[in-house]
Amino acid sequence: MFLSLKQIVFKEIHMEVDIIENKELELESKFLFNVNYNDDNSSCIARLRQEVVSKKNTKEFNITVEALGNFNCEGIETGDDKKRAHVQSYILVFPYVQNMIAQLANHAGLPPFMVDMAKMREEDVILELKQ
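Sequential numbering from 26 applies to the sequence shown in the numbering used here.
In structure tokens:
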């Protein structure tokens, strides 16, 4: 199984910051991730939507970034191959989203922070059948 990242496209970038100077925020991060393949599994698009929000009030602080990773694929023939590709494509797309979030926070004058990568495992991936 082999994946080659061809392109990253940022589909959505949203930031809302309305905080009092020197206020400490408790942040939480959540994400959605899925991968869609073409009919012969020779290419796929991985979609990662990452949100970082204030735990107390999302209007106070909210950053959302959604990125699409376009991949060439080789050797994806089984469900296990797709699960492996799912995890690998997340590992390849995540740093772009992480960097964008860090840059947005920096440009807003906030202290630097980095979103942690999810601990995604092949055995946790659920495949949806095409209908």
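Glycine is no exception: its CB is placed at the ideal position from the N, C-alpha and C atoms.
- Counting only runs of 3 or more residues that sit fully inside the segment 116–141, no beta strand (DSSP E) segment turns up.
- Taking a 10 Å sphere around the C-beta of His-111, we find 16 or more other C-beta atoms and assign the residue as buried.
- Around the Cβ of Lys-84, a 10 Å sphere holds fewer than 16 other Cβ atoms; the residue is exposed.
- Excluding residues up to 5 positions away in sequence, Phe-58 and Met-145 lie with their Cβ nearer than 6 angstroms to the Cβ of Tyr-115 in the same chain.
- A contact between stretches requires three or more CB pairs, one per stretch, nearer than 8 angstroms, and the segment 41–49 fails this requirement with the segment 67–76.
- Scanning Gln-113, Phe-86, Glu-91 and Asn-87 for the CA closest to the CA of Asn-97 turns up Gln-113.
- Assignment of beta-bridge partners to Asn-95 by DSSP yields Gln-32 and Ile-70.
- Each residue's CA atom was taken as its position, placing Leu-30 and Ala-127 some 22 angstroms apart.
- A direct Cα-Cα distance of roughly 18 angstroms separates Asn-87 from Met-142.
- Assigned with DSSP and collapsed to three states, Val-150 falls in coil, not helix or strand.
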